[in-house]
Structures are given as structure tokens and as C-alpha cells.
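The structure appears right after this line, and notes come after that.
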Amino acid sequence: MFDNKVVLITGGTGSFGQCFSRTLLKRYKPQKVIIFSRDELKQFEMQQEFKGPEMRFFIGDVRDKDRLVQACNGVDFIVHAAALKQVPAAEYNPTECIRTNINGAENVINAAIVNRVSKVIALSTDKATNPVNLYGATKLCSDKLFVAANNIVGGKHPRFSVVRYGNVVGSRGSVVPLFNKMIQAGQCTSLPITDPKMTRFWITLQQGVDLVLDSFARMYGGEIFVPKIPSVKIVDLAAAMAPGMPIEKVGIRPGEKLNESMVPVDDASRTLEFDQHFVITPTIKFADTNIDYKVNRLGEQGAPVAEHFSYESDTNPDFLSVAQIKRLLETVE
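Numbering (our numbering), first residue to last: 709 to 1041.
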């Protein structure tokens, strides 16, 4: 579906944007792939690998609506990956987080509407579910904006959907690079663990990219797509990375959860289960569309979840063992 199409990725120089671009070019023949981001150095570095004639690099910030409108001219699909994501930084700089994650989301929506883009998918996070920190709260607000945007266009293009997933294995700022740095330095006698009971959803970068690509094909507009992915115990991660090394409990940081959730129990009445994913349907009924989300555009059929269903990292039926974590880390290093 991406052959001869123009795809724009906000925050495109990040880990996701690079993997998405790499996958897109390998599987399809897009007319253009536009990398929209504000860091000229990262764009320069990315250009050293992505040298094809279809590549375009636009300097810009999602806070700048006019620049986004200009960049989205002639675009068919948008992946909105730009965000301020570091929890402590967001707590310390709340207005900056709001301007990027909320105002930026609104600008992406308006730019897509002005240019009659076909489809838009915004990346979300498990921290948007019952948020306890500002980052999660801004992403929840962003999710609501993208879902409600389908009402603005009244059954026409663009169509907007959201993809929500958990921690990306080895992503920048995550615990894996932190542990690796400490272990390779050879000076640590223990690994700092927030809490031995802590759990997290885990997904690889490639799995996240594949989910987004599949969601473009599945979407009607208004869905929040949630993949079925495994959980890990933080103590098992430490054991996989540094067998036998003691752990030191350092306590939960402000804005951090012991466990994460991707489908809260309050959304159970609106959640459908498919073979490989869940779909949270909109809280609002769109004015001039009557969508049956139980059957997606690929013909896959879903069914309502149980009345008190929730999808939590600590009660997830799929946990990775220490051996499985080791193998997974080998694939992403």
C-alpha cells in the first residue's frame, strides 16, 4: 500500500523513524520518504545511511504549524513519532512537554487536514494509560486529540488512529543501555533496581514498526491499537545481563509506576481482542460514520473482552524467562 506513495515521519531521526524508514524502503517502493525533525546533526548522520533518491530531510518542529503544513504538501501517510519522552525531563519542564506532545499533536492533525493526507498514525505509550506523570498525561491527551480528529473530517480523509505499546528493547534512555554502560565500565559491584517487583511490557523496535505498518492496513480511523507482547521482570533483566551480580533497590522515581498498563479496566467495555492485538474503540460516536470495528479492513475478526478485563504488565500471561531475555538482547545489540 506504500508503493508510489509519499510518507512523512515526524521525529524521523529517532530510533523508530530510522527503523521504519529502513523497513519501508526494503519492503516497498515509496515515491518519497520525508524525515521531519528539528536536529540538523541527526539528519546529517541519518543521510549517511539513507542516500536513496526518495529520501527527503526537512528541518522543522511539530510546534511550528506553518512548517508542518508546508512539509505535508502532497503527503499520503503520516507517522507521528515526535515527542518529548523522558519522564524526569517532562516533570521538570512541564510547559515544554505540553507544547511538543499536545500542541504538536494538534498541529500534525491540522496539517494533515489542510493537505488532505490519507491516513495518520500517532505513536503512544503504555504510560498514557491511567497516567501518573506529565509525559503520560500529555500522551493521553494526544491520543484523545487524534481519535477525535476523525469527527472533524466527518468521514472523509484523513483518517486518524493510534498505536500504543510498551518499552522498546534497548531504546535510548531505557534501562538496557544504562546497565550495559555500567557493566562494560567494569566498576559496578551491583545493578540499581527500582523495585524487585517491577515489571514492564517489552517490544522490539522492529515489532513496533511492523505493528504500525499493519495498523495502516487495518485501520478505519479512531482505533487505539495495542499489541499482545511479553512482559519482563526487572530482576530477570538484570540476571540476563549480569548473571550473579547483586542488585541494589533504589526505589521508584517520581512519576514512575511499579507496573504498566495498556488496556485499563475502565476501557474493557470498548475493547476488542484479535489474534495478535487489541483494539480500544472510540469513546465518541462519529457523526457520519457507522464503523463495525469487530472486522477490520484486512478482514480480521475481533471479539469483545470480558467485562472486567485489563491488560497489565504484572498479570500478563506471557513473561520472558532469563534465557529468552538473553536471546532477545542478542538480536538487538
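C-beta: ideal position from N, C-alpha, C; glycine also.
This one's a predicted model, so the numbers in the text were calculated from it and none came from an experiment.
- With a contact defined as Cβ atoms closer than 8 angstroms, Ile821 and Leu853 miss out at about 12 angstroms.
- Within the stretch 778–814, the runs of beta strand (DSSP E) that reach at least 3 residues and sit entirely inside it are, in chain order, 785–788.
- Here Asp769 has Arg746 as same chain residues with Cβ atoms under 6 angstroms from its own Cβ, once five neighbours each way along the sequence are excluded.
- Pairing Thr803 with Ser1029, the inter-Cα distance amounts to about 40 angstroms.
- A distance below 6 angstroms between beta-carbons, with the five flanking residues on each side excluded, links Val855 to the following residues of its chain, in chain order: Gly930 and Pro990.
- For Leu913 and Gly874, the gap between their C-alpha atoms comes out near 11 angstroms.
- In this structure, Lys740 is the residue among Gly720, Thr731, Asn838 and Lys740 with its C-alpha nearest to the C-alpha of Asn712.
- Approximately 12 angstroms separates the beta-carbon atoms of Ile786 and Phe766; this is outside 8 angstroms, ruling out the contact.
- Shortest Cα-Cα distance from Ser923 to any of Ser977, Phe986, Phe994 and Lys941 involves Phe986.
- Annotation for Thr989: no alpha helix (DSSP H) segment contains it, and DSSP assigns it neither H nor E.
- DSSP places Val1040 inside the alpha helix (DSSP H), whose first and last residues are Val1030 to Val1040.
- By the Cβ rule, the stretch 894–914 does not count as touching the stretch 793–812, because fewer than three pairs are nearer than 8 angstroms.
- The beta strand (DSSP E) runs lying completely inside the stretch 897–985 and spanning 3 residues or more are 899–901, 907–911, 932–935, 939–941, 955–957, 969–971 and 979–981, given in chain order.
- About 14 angstroms separates the beta carbon of Asn815 from that of Val783, a gap too long to meet the 8 angstroms contact definition.
- The DSSP assignment places 723–735 as complete runs of the alpha helix (DSSP H) inside the stretch 713–744, in order along the chain (cut-off: 4 residues).
- Distance from the CA of Asn841 to the CA of Glu799, rounded to the nearest whole angstrom, comes to 7 angstroms.
- Around Ala976, the same chain offers Val1013, Ala1014, Glu1015, His1016, Phe1017 and Ser1018 as residues with beta carbons nearer than 8 angstroms, after the five sequence neighbours per side are excluded.
- Straight-line spacing of the CA atoms in Val871 and Ala813 works out to 14 angstroms.
- Taking each of Pro839, Leu716, Lys734 and Val1003 in turn and checking the Cα distance to Asp983, the smallest one comes out for Val1003.
- Take Ala779, set aside five residues on each side of it, and the residues of its chain with a beta-carbon closer than 7 angstroms to its own are Leu716, Ile742, Phe744, Phe766 and Gly768, in chain order.
- Taking all protein chains in view, the Cβ of Glu757 is surrounded by fewer than 16 other Cβ atoms within 10 Å, so the residue is classified as exposed.
- Counted as a single uninterrupted DSSP element, the alpha helix (DSSP H) harbouring Leu848 occupies residues Leu842 to Val861.
- Restricting attention to Arg771, Val884 and Asp918, the CA atom closest to the CA of Arg735 is found in Asp918.
- Less than 7 angstroms separates the beta-carbon of Arg1005 from that of Arg926.
- Secondary structure at Glu748: helix, using DSSP grouped into helix, strand and coil.
- The Cβ atoms of Asn1024 and Ser939 lie closer than 7 angstroms to each other.
- Sequence-distant Cβ neighbours of Asp1026 in its own chain, meaning closer than 8 angstroms and more than five residues away, are Lys936, Ile937, Pro938 and Ser939.
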